[in-house]
Amino acid sequence: MDTTSHLGLLVLFSAFVSIAFAVLMRDDVKEQVTFGAKLFGTFVGSAVLLGWLLYPLPL
Amino acid sequence: MPAASGRRSEPAPYPYLVVAAAWAVPGAGHLWLGRYQKGLALLVVLPLMFAFGLWIQGRIFPFQFDELLVGLAAIADVGIGLPYFVAKIAGLGAGQVIAITYEYGNTYVIVAGLLNMLAALDAFDIAMGRK
Chain L
1 MDTTSHLGLL VLFSAFVSIA FAVLMRDDVK EQVTFGAKLF GTFVGSAVLL
51 GWLLYPLPL
Chain E
1001 MPAASGRRSE PAPYPYLVVA AAWAVPGAGH LWLGRYQKGL ALLVVLPLMF
1051 AFGLWIQGRI FPFQFDELLV GLAAIADVGI GLPYFVAKIA GLGAGQVIAI
1101 TYEYGNTYVI VAGLLNMLAA LDAFDIAMGR K
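Sequence lines, in order, name chains L and E.
Position one of the first sequence corresponds to residue 1 (our numbering), numbered consecutively onward.
Position one of the second sequence corresponds to residue 1001 (our numbering), numbered consecutively onward.
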C-alpha cells in the first residue's frame, strides 16, 4: 500500500471511523452494514466534493 | 442519536470495572457484557487504527499543557488504553515531523483514542442497563 497517498489515507480513515460508529450505534448486523456504508460514502463523498470546490482557489 | 433497536440489558454488577476494562482493552467492555460482535469488531478496528497511525509516523503527544492542543492530544492518545502503554514501552510514537504522513498519523492515533473512549462510554451505558 502506498502510505503517502492522501486519498488512500482518507479512504482508510473513513473506513475505520465508519466501522467503529456503525458498530457502536446500531445493534443489528444488517443495520450496521447499511449505516456504515452510508457513513463511509458521506465521508469520502464530502471530502472529494470539498476538494473540488477548493480546487479553483489560488493556494 | 438513539440506537436503532431497543435491546436493553439488565444492569451489570460492576459498571465502573466494565468501563475500566473497556478503556484498557478496546472492545473488552462489550465482550464482558456479552456483546461479542461489537466487542470483537472494536478489538480489531481500534488497535489496528492506532498501530497504523504510528506506522505512518504519527506521534504520541506528551502531557504538556503549556501548549493546550498538545495536552489535549495526549489525553486523546491515552484513550486507546493498553496499546498506548505498549507503544510507549516499545519506543514507538516519536513521530517524524518532516514525514508527509505525519499529520495523518497523528489524526489516526488521536481519533483511535477518542473512539475507544466513546466505546467505553457505550459499554458503561450498557452496564447501567440504559441500552
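For each residue, glycine too, the CB sits at the ideal point set by N, CA and C.
- Segment limits, alpha helix (DSSP H) that includes residue 1009 of chain E: The residue given as residue 1009 of chain E occupies position 9 in the second sequence. For residue 1009 of chain E, no alpha helix (DSSP H) segment is defined, and its DSSP state is neither H nor E.
- Whole angstroms is fine: what's the gap from residue 1101 of chain E's alpha carbon to residue 1072 of chain E's? Residue mapping note: residue 1101 of chain E aligns to position 101 of the second sequence, counting from 1. Residue mapping note: residue 1072 of chain E aligns to position 72 of the second sequence, counting from 1. Straight-line Cα distance between these residues: approximately 21 Å.
- Please confirm if the stretch 1015 to 1035 of chain E is in contact with the stretch 1121 to 1128 of chain E, defined as three or more CB-CB distances below 8 Å between the two stretches. Verdict: yes, contact present.
- Query: Taking only beta-carbon atoms, is residue 1064 of chain E less than 9 Å away from chain L?
  - Reply: Sequence index remark: in the second sequence, residue 1064 of chain E carries index 64 (1-based). Residue 1064 of chain E does not count as touching chain L.
- How many angstroms separate the CA atom of residue 1056 of chain E from the CA atom of residue 1131 of chain E? Stepping through the second sequence from its first residue, residue 1056 of chain E is reached at position 56. Stepping through the second sequence from its first residue, residue 1131 of chain E is reached at position 131. In this model, residue 1056 of chain E and residue 1131 of chain E are separated by some 37 Å (Cα to Cα).
- Query: What span of residues does the alpha helix (DSSP H) with residue 1110 of chain E cover, start to end?
  - Reply: Here residue 1110 of chain E refers to the residue found at position 110 of the second sequence. Element bounds for residue 1110 of chain E: 1102 to 1127.
- Check residue 1021 of chain E in the structure and name its three-state DSSP category. The residue you call residue 1021 of chain E lines up with position 21 of the second sequence. Correct three-state label for residue 1021 of chain E: helix.
- Does any residue of chain L bring its CB to less than 9 Å from the CB of residue 1122 of chain E? In the second sequence, the residue the question calls residue 1122 of chain E occupies position 122. Residue 1122 of chain E has a beta carbon lying within less than 9 Å of a beta carbon in chain L.
- Pull up the distance between the alpha-carbon of residue 10 of chain L and that of residue 1045 of chain E, whole angstroms please. Locating residue 10 of chain L in the first sequence gives position 10, where the first residue counts as 1. Locating residue 1045 of chain E in the second sequence gives position 45, where the first residue counts as 1. Roughly 16 Å separates the two Cα atoms.
- Excluding sequence positions up to five away, which residues of its chain have a Cβ less than 8 Å from the Cβ of residue 1050 of chain E? By 1-based counting over the second sequence, the position of residue 1050 of chain E is 50. Taking residue 1050 of chain E as the centre and dropping the five residues before and after it, the same chain places the C-beta of 1080, 1083, 1084, 1087, 1108, 1109, 1112 and 1113 closer than 8 Å to its C-beta, in chain order.
- Message: Between residue 23 of chain L and chain E, is the shortest Cβ-Cβ distance under 9 Å, so that the two count as touching?
- Response: Here residue 23 of chain L refers to the residue found at position 23 of the first sequence. With its beta carbon less than 9 Å from one in chain E, residue 23 of chain L belongs to the interface.
- Item | Presumed contact (8 Å Cβ cut-off) between residue 1033 of chain E and residue 24 of chain L, rounded CB distance | Looking up residue 1033 of chain E in the second sequence gives position 33. Looking up residue 24 of chain L in the first sequence gives position 24. So it is not a contact: roughly 13 Å between Cβ atoms.
- Message: Below 7 Å on C-beta distance, what does residue 1041 of chain E contact in chain L?
- Response: Here residue 1041 of chain E refers to the residue found at position 41 of the second sequence. Taking the beta carbon of residue 1041 of chain E as reference, the chain L residues within 7 Å of it are 19 and 23, listed in sequence order.
- Item | As assigned by DSSP and simplified to three states, the class of residue 1094 of chain E | Taking the first residue of the second sequence as 1, we reach residue 1094 of chain E at position 94. Judged by DSSP in its simplified three-state form, residue 1094 of chain E adopts strand.
- Given a threshold of 16 other Cβ atoms within 10 Å of its Cβ, counted over all protein chains shown, does residue 6 of chain L qualify as buried or as exposed? Counting from one through the first sequence, the residue named residue 6 of chain L turns up at place 6. When all chains shown are included, residue 6 of chain L counts as exposed.
- Query: Which residues, taken in chain order from the stretch 1100 to 1118 of chain E, show a beta carbon closer than 8 Å to some beta carbon of chain L?
  - Reply: Identification of residues in the stretch 1100 to 1118 of chain E having a C-beta nearer than 8 Å to some C-beta of chain L yields 1100, 1101, 1104, 1107, 1108, 1111, 1112, 1115 and 1118, given in sequence order.
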